[in-house]
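Novice:
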Amino acid sequence: MPHPPEVLAMILCDQVITDVQTNKKSLIGIFDQIETASLPCVIHELHIYLSLTDGHGRLPMAVTCVADDGGDELFRGDAEVEFSDPLQVVELQFIFPNARFPRAGEYRVQLSALGQVLRERKFLVGYLCP
């Protein structure tokens with residue numbers, strides 16, 4: 054039975070830029086909370102950067118965002134990741150255009166594979182301080 058890969062990083066940011074010559078990633082606007090003047094709020098593009106290792110073969114994965122108070126799924130992205138070697142580090146990103154957050158509070162981004170949550174990242178949505 055396959056075992057899940059190790060999650061080296063799960064980072065929320067405004068943008069991921071990949072250098073075409075080196076394949077190095079630059080993460081722009083890393084955040085752990087969203088401050089807004091009004092709710093609901095919409096984020097033009099929410100990027101989630103992932104770095105994984107110790108995977109085996111082809112593996113379907115999903116990233117979901119849920120509200121902490123009731124578990125309502127706000128958005129979801131699916132991908133199939135190919136590991137050619139367990140020592141390989143696979144980097145990928147999910148982009149969620151027009152990510153909508155209906156109310157203030159705690160939210161969770163979850164990476165799932167093989168029927169289990171591999172990593173969870175909590176973040177807050179709230180009002181701007183005057």
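Numbering (my numbering), first residue to last: 54 to 183. Built from N, CA and C at the ideal position, the CB exists for glycine as well.
1. Taking the alpha carbon of Q163 as the point to measure from, which residue in L127, P139, N151 and D138 has its own alpha carbon closest?
2. Nearest-angstrom Cα distance between R129 and V170?
3. For P139, which residues from the same chain have a beta carbon less than 7 Å from its beta carbon, with the 5 sequence-adjacent residues on both sides left out?
4. Whole angstroms are fine: how far does the CA of L181 sit from the CA of F136?
5. Taking the alpha-carbon of D121 as reference, which of P58, L177, M114 and P55 has the nearest alpha-carbon?
6. First and last residue of the beta strand (DSSP E) that includes V60?
7. Would you tell me roughly how many angstroms separate the C-alpha atoms of Q141 and L105, rounded to the nearest one?
8. Could you tell me the distance, in whole angstroms, from the CA atom of G179 to the CA atom of I81?
9. Along the beta strand (DSSP E) that carries R129, what are the first and last residues, could you check?
10. Out of A157, N76, K78 and L112, point me to the one whose CA is closest to M119's CA.
Specialist: The short version:
1. L127
2. 14 Å
3. D107, G108 and H109
4. 42 Å
5. L177
6. E59 to C66
7. 8 Å
8. 21 Å
9. Run containing R129: E126 to F136, per the beta strand (DSSP E) assignment.
10. Per the sequence shown, the amino acid found at residue 119 is Val instead of Met. Out of A157, N76, K78 and L112, A157 has the C-alpha closest to the C-alpha of V119.
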